[in-house]
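In this note's numbering, the protein residues as written are 6 to 265.
Here it is in structure tokens:
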């Protein structure tokens, strides 16, 4: 039996279609398949009660136990006015929206963003974001989100327990999964629409306020270089700004592989 009120979710004004699975390998893999179809109504939500093969950036995998919220949204960036040059900051806008939803769900909670695609709670990871675009479907983007909600990490591997957290453990009470999903749909849509209208600069101050990397010494992999320096925050373009031994560096894309 599903943990969601599917009728409520299907009636969300922020969705054109819903595909639900009790169990699936990856909601993003399924959304990428659907994205190659010509005649589909968007935005489309692929939602799973249980995901067995979730993916993160690079070779990372998302650990998802029962009670985690795992879903992928297939959107048409052109409908939202998100031109190609804005795609690199879509993950930042998405992380900001997730953080804002969590603050509505748990007012006063300790939520922050880790550039470019993670959301943290009380110093541990609570949400991962993966954005992909199928080359055969121009303008279509898949946003995969894994959020620890009612999946207590007491059963997680030790290395995950020390690095991650769930809402049920943080708040010491279970949450209504449908309510969490609907709240996320609203904040995501609001931030993406703003991104389409005005670009990222208006969102940059809110992102900076929640950035957990400011002032910390971090290592960033850009794919071709490994940079070490003190994080100075992000600029209005969404680039991460580092003070390294050789001077100021601005990183437009990459992954934070170590933070002190």
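Where is the CB? At the ideal position from N, CA and C, for every residue including glycine.
{"Item": "Looking only at C-alpha atoms, which of 265, 36, 165, 207 sits nearest to residue 138?", "Value": "36"}
{"Item": "Under 8 Å: do the stretch 145-163 and the stretch 71-88 share three or more Cβ pairs, one atom per stretch?", "Value": "yes"}
{"Item": "Can you give me the start and stop residues for the alpha helix (DSSP H) that residue 188 sits inside?", "Value": "182-203"}
{"Item": "What's the C-alpha gap between residue 125 and residue 195?", "Value": "21 Å"}
{"Item": "When you compare the stretch 149-160 with the stretch 69-76, are there three or more beta-carbon pairs, one atom per stretch, that lie closer than 8 Å?", "Value": "yes"}
{"Item": "Taking only the alpha-carbon atoms, compute the straight-line gap between residue 242 and residue 174 and give it to the nearest angstrom.", "Value": "35 Å"}
{"Item": "What distance in whole Å lies between the Cβ atoms of residue 106 and residue 189, which are believed to be in contact at a cut-off of 8 Å?", "Value": "5 Å"}
{"Item": "CB-CB under 7 Å to residue 244, same chain, minus the five flanking residues each way: which ones, in chain order?", "Value": "255, 256, 257"}
{"Item": "Rounded to whole angstroms, what is the Cα-Cα separation between residue 185 and residue 8?", "Value": "12 Å"}
{"Item": "So, do the stretch 49-56 and the stretch 112-124 have three or more beta carbon pairs nearer to each other than 8 Å?", "Value": "no"}
{"Item": "Mapping DSSP to helix, strand and coil, what is residue 142?", "Value": "coil"}
{"Item": "Out of 232, 40, 101, 187, which has the shortest C-alpha to C-alpha gap to residue 133?", "Value": "101"}
{"Item": "The beta strand (DSSP E) spanning residue 116 covers which residue range?", "Value": "116-119"}
{"Item": "Below 8 Å, how does it come out for the stretch 28-42 and the stretch 215-223: are there three or more Cβ pairs, yes or no?", "Value": "no"}
{"Item": "Have a look at residue 11 and residue 70 and give me their C-alpha separation to the nearest angstrom.", "Value": "20 Å"}
{"Item": "Could you tell me which residues DSSP puts in a beta bridge with residue 75?", "Value": "53, 151"}
{"Item": "Mapping DSSP to helix, strand and coil, what is residue 265?", "Value": "coil"}
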